[in-house]
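Written below as structure tokens is the structure these notes are about.
Numbering (my numbering), first residue to last: 371 to 909.
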């Protein structure tokens with residue numbers, strides 16, 4: 371004999387509640403009372419049972435859903451102070467971003483909501499005078515003050531080599547630094563072990579949240595990582611760490627990393643167990659609704675990606691330069707499934723900028739300061755004269771557009787070349803024509819690039835050494851003379867001697883200051899001769 375099944379009104383079985391997600395249920399008794407009133411309306415007994423059943427089912431609700439607020443930044447690039455709408459120093463309204471605005475908004479949200487995490491997806495380093503002077507110590511200081519929970523390493527964190535990451539930053543931060551796909555060899559491991567981790571488990575309210583980090587595998591071609599670090603494929607490195615988190619009983623897992631929007635979406639699709647992806651590197655702006663400022667959204671916020679195992683995974687970024695604070699509210703059921711995700715980046719200023727008319731007279735922009743120069747020339751290095759075959763130049767131009775449109779930083783800005791690309795062609799075949807300016811001709815003209823001819827080209831040392839993947843320049847250069855270092859204090863010194871913008875009664879050794887005050891000194895830009903001593907030596 372089978373067991374009897376309880377029924378309602380001798381006709382309809384009781385609803386069987388799905389316990390897969392282990393949710394508790396409650397019944398709205400005021401609705402049941404309203405349903406019972408139907409008994410006085412002459413409704414048949416079976417129909418009354420059906421109405422009673424429907425009333426119960428339509429008011430079943432979850433009481434164990436859990437909400438997490440994720441605040442996030444990426445690609446801040448040393449924007450400690452407020453910026454203009456073009457992301458430089460702000461000298462007049464409207465102004466945006468800055469640590470002070472970010473701190474105010476973060477505290478406002480923390481005071482208003484429970485279960486708040488603050489995360490950064492990398493590239494705090496590089497971009498303003500703050501980094502040039504403090505070398506990353508400023509990032510550690512202000513991120514500690516803001517109370518970040520975790521950060522993923524970005525490619526620019528290695529701009530001053532591994533030593534320039536360890537001492538000013540990794541040894542000073544009070545939060546967890548993450549990357550699952552960066553592995554140190556036996557030489558470096560004793561010095562960097564314990565300073566960054568593949569993942570971290572956080573106790574947020576009564577729940578455990580796992581955050582696993584990743585960094586672009588192309589970082590060795592983009593920065594100065596040195597010979598002792600290996601950057602593995604992001605997805606291959608992430609899956610074992612996510613599996614480990616699941617084994618440890620964590621069912622809410624965030625992937626936080628710096629590999630670009632395309633890779634972020636692949637991680638959401640292919641890494642089983644990841645619930646949310648927070649990315650950086652491509653400076654992607656996502657927004658739902660009418661855009662609040664000048665940035666054009668690349669898609670809605672969050673962008674939902676269907677994973678290979680059938681889940682909807684929210685993917686977000688928060689543009690760059692601290693102009694926005696990413697704000698994502700994620701609701702999980704008790705099994706750790708994402709049942710809802712909503713939000714939008716918060717513009718860290720209430721004003722909407724207007725288009726400024728062009729200014730015909732550059733002098734009206736005011737004086738150029740050391741801080742301005744660092745903002746446009748942050749990387750240092752040298753400008754070098756190299757000799758390359760035409761075939762090498764052709765490879766370089768093809769490499770320049772192999773990923774065009776993805777904000778990868780490889781597109782060459784040139785002078786003395788005319789290049790026509792056909793982006794409908796496959797990578798490696800996109801340069802339809804390349805012409806080179808003939809400077810020895812009586813009347814300068816552009817001539818077709820000759821693959822067998824030798825050309826003299828001035829390049830930043832970063833490209834000469836194969837940066838941004840331009841390995842063909844490093845490996846195929848035939849002659850190489852290094853120029854002087856791009857030291858801004860030389861330009862400052864030249865400006866002082868020629869124009870005396872700073873009274874020598876204040877600074878007797880004009881151009882060789884040792885204090886941070888130099889950022890306020892006014893440096894007029896001199897007119898440099900077109901031919902340098904370096905070039906003369908080659909002729």
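Note that CB positions come from ideal geometry on N, CA and C, so glycine has one too.
I'd like to check one pair, residue j with residue i: are the Cβ atoms closer than 9 Å?
i	j	result
residue 749	residue 830	yes
residue 522	residue 584	yes
residue 615	residue 582	yes
residue 630	residue 663	no
residue 626	residue 509	no
residue 910	residue 706	Because the chain spans 371 through 909 in this model, residue 910 falls outside it and cannot be assessed.
residue 611	residue 568	yes
residue 543	residue 599	no
residue 495	residue 552	no
residue 701	residue 437	yes
residue 682	residue 647	no
residue 698	residue 673	no
residue 441	residue 469	no
residue 465	residue 478	no
residue 763	residue 827	yes
In its own chain, which residues sit with a C-beta less than 6 Å from the C-beta of residue i, not counting the 5 before and 5 after it?
i	result
residue 454	460
residue 483	439
residue 449	467, 691 and 692
residue 579	572 and 622
residue 565	540
residue 654	631, 668 and 687
residue 525	586, 589, 592 and 593
residue 811	none
residue 761	821
residue 480	486
residue 497	447, 448 and 748
residue 428	With a pLDDT of 41 at residue 428, under the threshold of 50, the modelled position of that residue is not reliable, and the figure given next carries that caveat. No residues qualify anywhere along the chain.
Assuming residue i and residue j form a contact by the criterion Cβ under 8 Å, report the distance between their Cβ atoms to the nearest whole angstrom.
i	j	result
residue 445	residue 690	4 Å
residue 715	residue 692	Contact flag wrong, Cβ pair sits at about 11 Å.
residue 685	residue 635	6 Å
residue 649	residue 493	No, residue 649 and residue 493 are not in contact; Cβ-Cβ is about 11 Å, not under 8 Å.
In chain order, what residues of the same chain have a beta carbon less than 8 Å from the beta carbon of residue i, not counting five sequence neighbours either side?
i	result
residue 759	821, 822, 823, 824, 825, 846 and 848
residue 885	Here residue 885 scores only 31 on pLDDT, less than 50, and its place in the model is too uncertain to base an answer on.
residue 472	443, 516, 692, 695 and 718
residue 852	752, 754 and 831
residue 536	561, 562 and 565
residue 507	538, 539 and 542
residue 670	656, 657 and 658
Beta-carbon within less than 7 Å of residue i's beta-carbon, same chain only, minus the 5 sequence neighbours each way: which residues are those?
i	result
residue 517	488
residue 850	754, 756 and 834
residue 791	771, 800, 801 and 802
residue 838	591, 592, 779 and 780
residue 765	842
residue 640	605 and 678
residue 404	Any reading at residue 404 must be qualified, since the residue scores a pLDDT of 40, below 50, and its modelled position is unreliable; the value itself is stated next. No residues qualify anywhere along the chain.
residue 505	530, 534 and 538
residue 806	786, 787, 816, 817, 819 and 825
residue 528	535, 589, 593, 594 and 595
residue 844	834, 835 and 836
Whose C-alpha, out of the options, is nearest the C-alpha of residue i?
i	options	result
residue 590	578, 603, 579 and 580	603
residue 457	796, 718 and 818	718
residue 620	577, 635, 527 and 481	577
residue 767	610, 751 and 788	788
residue 558	595, 507, 742 and 462	595
residue 571	546, 530, 598 and 527	546
residue 538	503, 556 and 836	503
residue 514	485, 540, 701 and 673	540
residue 675	688, 699, 711 and 650	711
residue 793	783, 774 and 556	774
residue 680	806, 782, 644 and 634	644
residue 796	769, 476, 783 and 501	769
residue 556	474, 649, 816 and 597	597
residue 519	828, 476 and 550	476
residue 607	549, 808, 763 and 828	549
residue 613	637, 628, 633 and 642	642
Is any non-hydrogen atom of the ligand HEM found closer than 8 Å to the C-beta of residue i, if you look at the structure I gave you?
i	result
residue 452	This structure lacks the ligand HEM; in fact it carries no ligand of any kind.
- Task: Would you list, in sequence order, the uninterrupted beta strand (DSSP E) runs of no fewer than 3 residues that lie entirely inside the stretch 641 to 705?
- Result: Complete beta strand (DSSP E) runs here, min 3: 646 to 648, 673 to 676, 682 to 686 and 694 to 702.
- Task: With a floor of 4 residues, list each alpha helix (DSSP H) that falls wholly inside the stretch 435 to 502, ordered by position along the chain.
- Result: 469 to 482
- Item | alpha helix (DSSP H) segments (min. 4 residues) lying fully within the stretch 741 to 794 | 760 to 770
- Go through the stretch 533 to 563 residue by residue and report every complete run of the beta strand (DSSP E) that reaches 3 residues or more, in order. 546 to 548 and 552 to 554
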